[in-house]
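Report on one structure; see the data block that follows.
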Amino acid sequence: MKQTKLWINGIWESTNETSKLTAPYTGELLANVAKASAGDVERAIEGAHQAFKSFKNTTAYERAEILYKVVEIMRERKNELAEILADEAAKPISAGLTELDRTIATYQFAAEAAKQSTGETIPMDAAPGVKDRIGYTKRVPLGVVSAITPFNFPFNLVAHKLGPAFAVGNTVVLKPASQTPLSALAMAEIFKEAGLPDGALQIVTGSGGELSETLVTHPLVKKVTFTGSGAVGLKIKEKVGLRKITLELGSNAALIVEPSTPLEKIMKRCVGGAFGFAGQVCISLQRIYVHSSIYEAFTKAFVEETKKLVVGDPHNEKTDVSAMIHPDEVSRIKEWIEQAKQQGATVATGAEFTERTCSPTVMTNVKSDMKIVCQETFAPIVSIVPYDTLDEAIALVNESELALNAGIYTNVLTDAMKAAEEIEAGAVIINDIPTFRVDNMPYGGVKMSGYGKEGIKYAVEEMTDLKFITMKLNYE
Ligand code: NAP
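Last residue of the sequence shown? That's 476 in UniProt numbering, and every number before it is there in order.
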């Protein structure tokens, strides 16, 4: 049986306590995972602080070289890393390979960002009475970053923390989700091989709830970056005090489909957006608002396309949808669907369960206050709702307190721009599903979906301080 260890100061360390990691699809035991104590986390933070003293003085060239090397190693090991995702997250192999391609791109963007950190010169003599002074800004690293990550993109969301942090010379204590430690621990080896100095990356595994206090409030932690659920994000925000913080939280992403849309061209993409990784994606397509003139045709085609999806073993290349992350999640979603049915909703297809899986489910006749609509389902469930006017559709999108990405399909330019202006969301995606994301775009929710932005360039800003320097050119 595999026994994992903590990665502290470049050494693998055993712990007295461990927890069992099981595969979501088979329930089979994958590993005994080291359970860090608060003391272990303290040592990791102190080690990261020591490492920062020299890492902050490395050159941009040296840091970029480390990140480029990570890219090279990950390209070579891609297939093997995708198997880890299939084991510990039940991510279908095809989706795992896509995640790895994106992770590689994320580290590449980070390598490039390392060389692009610039400041500006300030026209000091524009202020009354000031002359013979120069002034400029530069971005400086913060120190130790505490990074807490979720289970659903165990490589790429870790990359969105480590990439920008290392690009600018910060050091990191990473606490991955308890269900996906193996992918994070694989990154320890990869960074070591790439030449990252010992101590710059510390990885502590164990319960987020138990380790949170130390991770979030230790005096040497200068920044907390968290991706996960809103409930946990709020708890963290209450504790951080004056530290910098980024919160990437959940949503119930919406799409508007206007009458001008060629349905046959978008159907596969919409179904993919709703059911990719069993809907366990923060921008998974959950609410589809379709103009009433095309509602019947859209729903029929969507249901037909959904029925083509293969539910099964994540290691099988043909599988589209595999297990949910935990059997408790299947029970929760079963309950939410039952509740919606009792309130008048209809199952157009799906809602078939095993202990570990939920089949791709399409709901109609839903109401805005049903849990499956107004809360984040984080499951393979989508609701299709008719509307009559674009104003009505935008109002329905904006009803939600969750707001990461939203999408609209229309070929009417003025309608597209109206939606872009009026939809309250972190991003409005025109002529594509809200599930669209590439890793250099600014990304982050508004309302209850987040605080701050990721996307390498934007994360770099959030992981640095803006320092101002001025010099008087004479002694007069
Ligand atoms: P989660 O339960 O909130 O867990 C996320 C991380 O927080 C895990 O490492 C977890 O550790 C840790 N944690 C749990 N309780 C904590 C506490 N009290 N203090 C500090 N950390 C704590 O989320 P999840 O189920 O893994 O992921 C799903 C959620 O993430 C969804 O809501 C999804 O929308 C969101 N998400 C957002 C984005 C985005 O970019 N906006 C991207 C992906 C996912 P344990 O695993 O040990 O509990």
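The beta carbon of each residue, even a glycine, is placed where N, CA and C say it ideally should be.
A heavy atom of ligand 1 is found nearer than 7 Å to the CB of Lys235.
Between Ile433 and Ile283, the alpha-carbon positions lie close to 9 Å from each other. Between the alpha carbons of Phe378 and Phe277 lies a distance of about 10 Å.
Of Glu392, Gly272, Glu329, Val330, the smallest CA-CA separation from Glu304 is found for Gly272. Distance from the C-beta of Ser146 to the nearest heavy atom of ligand 1 is not below 7 Å. For Pro150, the CB falls within less than 7 Å of some heavy atom of ligand 1. Our two residues, Val145 and Lys175, have alpha carbons roughly 11 Å apart in a direct line. For the options Pro327, Val311, Ile294, Lys300, the alpha carbon positioned closest to that of Tyr387 is the one of Ile294. In the three-state scheme derived from DSSP, where H, G and I count as helix and E and B as strand, Thr357 is classed as coil. Taking the C-beta atoms as reference points, Ser207 is found no nearer than 8 Å to Ser229. The residues Ser400, Glu401, Leu402, Ala403, Glu424, in chain order, have a CB closer than 8 Å to that of Lys447 in the same chain once the five nearest residues on each side in sequence are set aside. For Gln202, the uninterrupted beta strand (DSSP E) segment begins and ends at 201-203. Judged by pairs of C-beta atoms under 8 Å, the stretch 37-53 does not touch the stretch 236-249, as fewer than three such pairs exist.
Burial state of Glu88 is buried, judged by a 10 Å Cβ sphere holding 16 or more other Cβ atoms. Rounded to the nearest whole angstrom, the CA to CA distance from Leu21 to Val33 is 7 Å. Partner residues in the beta bridge of Gln3, as assigned by DSSP, are Asn32. Taken through DSSP and simplified to helix, strand or coil, Leu396 comes out as helix. Using a 10 angstroms sphere on the CB of Pro92, the tally of other CB atoms reaches 16 or more, which defines it as buried. At the C-beta level, Thr319 and Val310 come within 8 Å of one another. Bounds of the alpha helix (DSSP H) holding Asp101 are 93-114. If you draw a straight line from the Cα of Gln3 to the Cα of Pro327, it comes to about 24 Å.
Ligand 1 has a heavy atom closer than 7 Å to the beta-carbon of Phe153. When DSSP states are grouped into helix, strand and coil, Ser19 belongs to the strand group. By alpha-carbon distance to Ala110, the top candidate from Thr361, Tyr136, Arg63, Trp336 is Arg63. Look at the beta carbons and you see the stretch 114-126 not touching the stretch 179-192: under three pairs across the two are nearer than 8 Å. DSSP, reduced to helix, strand and coil, places Ala425 outside both helices and strands of the structure shown, so it counts as coil. Taking C-alpha positions only, Ala406 is separated from Thr246 by approximately 21 Å.
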